[in-house]
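Chemist: As they're listed, the protein sequences go chains A and B.
At position 238 of the first sequence the residue is numbered 238 (UniProt numbering), and the sequence of numbers has no breaks.
At position 317 of the second sequence the residue is numbered 317 (UniProt numbering), and the sequence of numbers has no breaks.
Where a beta carbon is used, it is the ideal one built from N, C-alpha and C, also for glycine.
Quantities reported herein were computed from a predicted structural model and do not represent experimental measurements.
Sharing a structure below in structure tokens format, with a few things to ask.
There are 2 protein chains.
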Amino acid sequence: MAFGDENGVVVKRNKKVLLKKYVNGFVEESDMEVVTNETILLELPQGSKDIVLVKNLYLSCDPFMRGLMLEMSESHYMEAFVPGSVIKGFGVSRVLKSGHPNFKEGEYVWAITGWEEYSLITDTEKIFKIPFTNVPLSYYTGLLGMTGFTAYVGFNEICNPKKGEYVFVSAASGAVGQIVGQLAKLMGCYVVGSAGSDEKVELLKTKFGFDDAFNYKKEKSLGAALKRCFPKGIDIYFDNVGGATLDAALLNMRDNGRISACGMISQYNLEELEGVHFLVKMITKRLTMKGFLVGDYFNLYPKFLEVIMPYIKNGKITYLEDKTEGIENAPAALVGLFTGKNVGKQLVVLADE
Amino acid sequence: MAFGDENGVVVKRNKKVLLKKYVNGFVEESDMEVVTNETILLELPQGSKDIVLVKNLYLSCDPFMRGLMLEMSESHYMEAFVPGSVIKGFGVSRVLKSGHPNFKEGEYVWAITGWEEYSLITDTEKIFKIPFTNVPLSYYTGLLGMTGFTAYVGFNEICNPKKGEYVFVSAASGAVGQIVGQLAKLMGCYVVGSAGSDEKVELLKTKFGFDDAFNYKKEKSLGAALKRCFPKGIDIYFDNVGGATLDAALLNMRDNGRISACGMISQYNLEELEGVHFLVKMITKRLTMKGFLVGDYFNLYPKFLEVIMPYIKNGKITYLEDKTEGIENAPAALVGLFTGKNVGKQLVVLADE
């Protein structure tokens with residue numbers, strides 16, 4: 001690897017993950033491929049103010065990336081992936097060269113970046129300076145990045161939570177769920193989570209401080225499980241999974257309950273979506289369901305940091321990462337999200353600095 | 001019929017509609033029976049401050065009454081019906097005798113009352129004085145009563161509508177739908193309605209001023225029909241039907257769209273509810289769905305009258321009633337709601353004063 005002159009940067013080797021073809025049904029490792037562009041020349045043309053060249057350190061594996069692999073993908077905050085091109089996601093990076101006055105060489109950022117060793121980022125509105133480096137940098141792929149911020153927006157801003165309320169979180173040991181549960185506990189709520197293994201259930205109860213948790217794969221009836229965990233009903237359902245769990249939650253909501261529609265991971269790999277049957281409860285129980293994309297709320301990021309940083313400093317938040325080493329293993333790490341392989345926030349480590 | 005002394009009132013004849021048994025599946029006339037209590041004695045005991053005896057003039061037929069016929073009914077604003085007892089609903093009545101200081105003999109009220117000629121109303125919080133009598137009294141079963149108020153609350157208060165927005169209303173020629181459409185037009189929205197016959201579609205376009213309308217029974221694909229009517233998508237869906245229409249609307253909503261969940265008449269008579277498959281659009285399009293029961297909003301009734309009365313006086317609102325004469329025909333009128341028999345607000349006329 002060699003860096004070029006003052007007019008630009010040359011990177012000789014750049015390993016990257018490409019989408020091979022649009023994906024229907026379950027995403028598999030073979031839907032992606034890892035290639036090395038031995039001779040790629042990355043340059044910052046002179047006067048190019050909106051280009052930043054970064055070295056990617058940590059890549060975040062997130063369920064929403066599955067949606068961008070569809071041929072008819074709705075791309076909002078991020079563009080849909082194109083076969084033959086590098087896939088993208090949130091990551092933590094170090095600035096190597098910058099044409100943009102806000103970002104300087106050597107600074108750490110989190111941003112939408114390519115799944116590759118080095119990226120030229122042109123959408124500089126989606127680069128965020130890393131404000132505190134007294135925490136592990138990898139936290140900015142999760143707790144202090146998109147997923148932690150998603151938990152904060154989806155719970156604190158969308159659900160209007162109050163002390164003493166009953167909160168249910170699905171996919172509760174996942175990157176977003178584990179933080180939602182802890183934010184809810186810190187607010188004085190009663191919190192129950194669902195997860196897909198006994199190991200994860202144990203983690204929720206012992207490590208993340210949930211009041212109760214259950215393994216949804218072992219329950220005969222999700223409705224009965226929720227009835228057992230919430231004899232008085234649910235005030236807030238933070239939905240990461242959709243489908244049958246959403247249906248069961250609708251049956252167990254209390255009057256004036258709120259549902260934060262954050263993700264529907266149970267549905268992303270289905271060719272035919274499951275039906276949700278009990279929406280009539282929206283009326284009889286006067287429920288509000290609100291979907292959101294965190295990209296619409298970045299103006300609240302400083303407010304989020306004000307809330308979360310003291311919790312981290314005082315050890316009030318526990319955060320669990322599941323690290324995979326090397327870009328070669330990135331496709332498997334992403335696929336693992338959908339089989340429930342990861343315990344905690346799944347990320348890929350490319351380099352430490 | 002004879003009225004008694006100053007201590008009470010005797011009514012010799014009181015025809016009424018009883019629920020015969022809890023209803024599963026489609027409600028039928030035979031689920032109810034009309035009986036005459038020849039010897040019933042209705043009295044206002046001395047000092048009974050919370051009792052009002054009324055003569056019922058107009059009974060309102062409303063889809064929500066179906067839900068109160070279930071054995072496992074969720075009763076909120078109104079108690080569920082009990083086999084062998086009179087069914088209840090909204091109606092317009094004249095006060096015959098009152099123990100309550102707010103209501104005086106000879107005054108007209110709208111209230112939750114029995115489906116019978118005379119009722120003793122004990123829940124005096126659910127009696128509303130009729131403030132204007134320069135409109136047909138029957139309007140208080142609809143336009144100026146629960147259904148008109150439902151349209152106002154569900155559209156103006158829940159949906160946060162803005163001039164120029166695209167509004168879809170299902171069951172649009174029904175009691176609530178016809179008013180929602182007109183409120184939306186008066187706000188400067190583009191409004192399309194769906195209904196179940198060509199006659200109703202014609203009414204929507206010619207009489208109620210909808211910009212467009214379609215007969216959902218004649219469309220091969222509801223999604224395609226909505227795409228044709230809303231090439232730019234739907235900002236507000238006022239949902240009276242649920243099920244497949246809700247699914248089709250989800251596919252056609254615009255970003256940040258709002259869904260007012262007012263009723264799901266397509267589902268009320270089904271033993272197994274239909275699934276709604278495209279809730280994932282709640283997330284990608286950042287939609288909000290809010291269910292409501294109008295009984296929670298009666299504090300806004302005076303505000304509603306301030307909005308609606310000038311429209312009525314200036315001929316800006318068209319209102320269509322479908323009147324059935326006689327309590328003997330009341331069960332058929334109620335059942336007719338669910339087969340789409342009525343055109344406009346269905347009510348039963350018992351007496352004119």
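Could you tell me if residue 354 of chain B is buried or exposed, where buried requires 16 or more neighbouring beta carbons within 10 angstroms of its beta carbon?
Modeler: Residue 354 of chain B is absent from the structure shown; chain B starts at 1 and stops at 353.
Chemist: What residue range is occupied by the uninterrupted beta strand (DSSP E) comprising B/D239?
Modeler: Start at 1 with the first residue of the second sequence, and residue 239 of chain B comes out as number 239. I234 to D239 is the extent of the beta strand (DSSP E) around B/D239.
Chemist: Which one of A/F278, A/A249, A/M72 and A/S119 has the shortest CA to CA distance from A/L226?
Modeler: Taking the first sequence and counting its residues from 1, the one referred to as residue 226 of chain A is at position 226. Comparing Cα positions, the closest option is A/A249.
Chemist: Could you check where the beta strand (DSSP E) with A/L53 kicks off and where it finishes?
Modeler: The count along the first sequence starts at 1 and reaches residue 53 of chain A at position 53. It spans V52 to S60 - the beta strand (DSSP E) in which A/L53 sits, taken as one unbroken run.
Chemist: On the DSSP bridge assignment, give the partners of A/Q346 in chain order.
Modeler: For this step, residue 346 of chain A is matched to residue 346 along the first sequence. The partner list for A/Q346 (beta bridge, DSSP) reads A/D322.
Chemist: List the residues of chain A that B/G263 touches, going by C-beta distances under 8 angstroms, in chain order.
Modeler: Working through the second sequence from its first residue, we reach residue 263 of chain B at position 263. Going along chain A in sequence order, the residues near B/G263 (Cβ under 8 angstroms) are I283.
Chemist: Can you have a look at A/P302 and say buried or exposed, based on whether 16 or more other CB atoms are within 10 angstroms of its CB?
Modeler: Within the first sequence, the letter at position 302 stands for residue 302 of chain A. A/P302 is exposed by the Cβ-count criterion.
Chemist: Relative to the alpha-carbon of B/T72, which residue among B/E271, B/L337, B/D235 and B/G91 has its alpha-carbon at the smallest distance?
Modeler: Counting from one through the second sequence, the residue named residue 72 of chain B turns up at place 72. Note that residue 72 of chain B corresponds to Met in the displayed sequence, not to Thr. Taking only the C-alpha atoms, the option nearest B/M72 is B/E271.
Chemist: Using a C-beta cutoff of 8 angstroms, does B/E157 count as contacting chain A?
Modeler: Numbered from 1 along the second sequence, position 157 holds the residue referred to as residue 157 of chain B. Output row for B/E157: interface = no.
Chemist: Report the rounded CA-to-CA distance for A/A332 versus A/L204, giving the unit in angstroms.
Modeler: As a position in the first sequence, residue 332 of chain A is number 332, starting the count at 1. As a position in the first sequence, residue 204 of chain A is number 204, starting the count at 1. Their backbone Cα atoms lie some 25 angstroms apart in a straight line.
Chemist: Does the segment 105-116 of chain B come within contact of the segment 136-155 of chain B, defined as at least 3 CB pairs closer than 8 angstroms?
Modeler: With a cut-off of 8 angstroms, the segment 136-155 of chain B and the segment 105-116 of chain B count as touching, because enough Cβ pairs lie within range.
Chemist: Considering Cα atoms alone, identify which of A/S221, A/V307 and A/G164 is closest to A/S194.
Modeler: Locating residue 194 of chain A in the first sequence gives position 194, counting from the first residue. Per the Cα distances, A/S221.
Chemist: Measure the C-alpha to C-alpha separation of B/D198 and B/S173 and round it to an integer number of angstroms.
Modeler: For this step, residue 198 of chain B is matched to residue 198 along the second sequence. For this step, residue 173 of chain B is matched to residue 173 along the second sequence. For B/D198 and B/S173, the distance between alpha carbons rounds to 11 angstroms.
Chemist: Assuming A/V335 is part of the alpha helix (DSSP H), what are its boundary residues?
Modeler: Working through the first sequence from its first residue, we reach residue 335 of chain A at position 335. Residues A330 to T339.
Chemist: Mind checking B/K290: buried by the 16 CB within 10 Å criterion, or exposed?
Modeler: Counting from one through the second sequence, the residue named residue 290 of chain B turns up at place 290. Buried is the call here.
Chemist: Give, in chain order, every unbroken run of the beta strand (DSSP E) that is at least 3 residues long and sits entirely within the segment 145-210 of chain B.
Modeler: Within the segment 145-210 of chain B, the complete beta strand (DSSP E) runs of at least 3 residues are 166-169 and 190-195.
Chemist: Thinking just about the alpha-carbon of each residue, which of B/T339, B/G340, B/G326 and B/L337 is nearest to the one in B/K15?
Modeler: As a first step, residue 15 of chain B is located in the second sequence; it is residue number 15 there, counting from the start. Comparing Cα-Cα distances from B/K15 to each of B/T339, B/G340, B/G326 and B/L337, the minimum goes to B/G326.
Chemist: Interface residues of chain B around A/K290 at Cβ under 7 angstroms?
Modeler: Residue 290 of chain A sits at position 290 when you count from the first residue of the first sequence. Chain B residues near A/K290: T288.
Chemist: Would DSSP call A/K218 helix, strand or coil?
Modeler: Here residue 218 of chain A corresponds to residue number 218 of the first sequence, with the count starting at 1. Note: A/K218 maps to helix in three-state DSSP.
Chemist: Would you verify that the beta carbon of B/F278 is, or is not, closer than 8 angstroms to some beta carbon of chain A?
Modeler: On the second sequence, residue 278 of chain B is found 278 positions in, with the first residue counted as 1. Cβ-Cβ to chain A under 8 angstroms: yes for B/F278.
Chemist: Between A/K88 and A/G114, what straight-line distance do the alpha-carbon atoms span, to the nearest angstrom?
Modeler: For this step, residue 88 of chain A is matched to residue 88 along the first sequence. For this step, residue 114 of chain A is matched to residue 114 along the first sequence. Rounded to the nearest angstrom, the two C-alpha atoms are 4 angstroms apart.
Chemist: Drop a sphere of 10 angstroms on the beta-carbon of A/K218, count the other beta-carbons inside from all chains shown, and report buried for 16 or more, exposed for fewer.
Modeler: Within the first sequence, numbered from 1, the residue matching residue 218 of chain A stands at position 218. The residue is exposed, with fewer than 16 neighbouring Cβ atoms inside 10 Å.
Chemist: List the whole-angstrom C-beta distance separating B/V95 from B/G106, where the pair is believed to meet the contact cut-off of C-beta under 8 angstroms.
Modeler: Locating residue 95 of chain B in the second sequence gives position 95, where the first residue counts as 1. Locating residue 106 of chain B in the second sequence gives position 106, where the first residue counts as 1. The pair is a contact, with the Cβ atoms about 6 angstroms apart (cut-off 8 angstroms).
Chemist: So B/S300 contacts chain A; which residues on that side make the cut at Cβ distance below 7 angstroms?
Modeler: Within the second sequence, the letter at position 300 stands for residue 300 of chain B. Rather than Ser, the amino acid found at residue 300 of chain B in this sequence is Leu. Near B/L300 there are no residues of chain A at all, since even the closest Cβ is about 15 angstroms away, more than 7 angstroms.
Chemist: Just mark residue 362 of chain A as buried or exposed, buried being the case when its beta carbon has 16 or more other beta carbons within 10 Å.
Modeler: Here chain A has residues from 1 to 353 only, and residue 362 of chain A is not among them.
Chemist: Please confirm whether A/M1 has its beta-carbon closer than 8 angstroms to some beta-carbon of chain B.
Modeler: Counting from one through the first sequence, the residue named residue 1 of chain A turns up at place 1. Any answer about A/M1 is weak, because its pLDDT of 39 lies below 50 and its placement is not dependable; what the coordinates show is given next. So no, A/M1 is outside the interface.
Chemist: In three-state terms, what does DSSP make of A/N14?
Modeler: Taking the first sequence and counting its residues from 1, one reaches residue 14 of chain A at position 14. Of the three classes helix, strand and coil, the one that applies to A/N14 here is strand, per DSSP.
Chemist: If you count every other CB in all the chains shown that lies within 10 Å of the CB of B/G84, and 16 or more means buried, which is it?
Modeler: Taking the first residue of the second sequence as position 1, residue 84 of chain B is located at position 84. With fewer than 16 other Cβ atoms within 10 Å, it is exposed.
Chemist: Leaving out five residues before and five after A/F210 in sequence, what residues of the same chain have Cβ atoms less than 6 angstroms from its Cβ?
Modeler: The residue labelled residue 210 of chain A in the question sits at position 210 within the first sequence. Counting only Cβ-Cβ distances below 6 angstroms, and skipping sequence neighbours, we find G181, V191, G193 and L204.
Chemist: Does DSSP classify A/G142 as helix, strand or coil?
Modeler: In the first sequence, counting from the first residue as 1, residue 142 of chain A sits at position 142. In the structure shown, A/G142 sits in coil (DSSP, three-state: anything other than H, G, I, E or B).
Chemist: What does A/G275 touch in chain B if you count any residue whose Cβ is under 8 angstroms from its own?
Modeler: As a working note, residue 275 of chain A is residue 275 in the first sequence. The answer, in chain order, is E274, G275, V276 and H277.
Chemist: For A/M309, name the three-state secondary structure that DSSP assigns.
Modeler: To locate residue 309 of chain A, count along the first sequence from 1; it is residue 309. In the structure shown, A/M309 sits in a helix (DSSP, three-state: H, G or I).
Chemist: Note down the Cα distance separating A/R13 from A/E117, rounded to an integer number of angstroms.
Modeler: The residue you call residue 13 of chain A lines up with position 13 of the first sequence. The residue you call residue 117 of chain A lines up with position 117 of the first sequence. Going by the C-alpha atoms only, they are around 8 angstroms apart.
Chemist: Below 8 angstroms, can you find three or more Cβ-Cβ pairs linking the segment 283-300 of chain B to the segment 149-157 of chain B?
Modeler: In short, these stretches touch, since the Cβ pair count reaches three.
Chemist: Measure the Cβ-Cβ separation of A/T124 and A/D62 and say whether it is below 8 angstroms.
Modeler: Residue mapping note: residue 124 of chain A aligns to position 124 of the first sequence, counting from 1. Residue mapping note: residue 62 of chain A aligns to position 62 of the first sequence, counting from 1. The answer is no: Cβ separation not under 8 angstroms.
Chemist: With a 10 Å radius around its C-beta and 16 neighbouring C-beta atoms as the bar for buried, classify B/F132 as buried or exposed.
Modeler: Reading the second sequence from its first residue, position 132 is the one you call residue 132 of chain B. Label assigned to B/F132: exposed.
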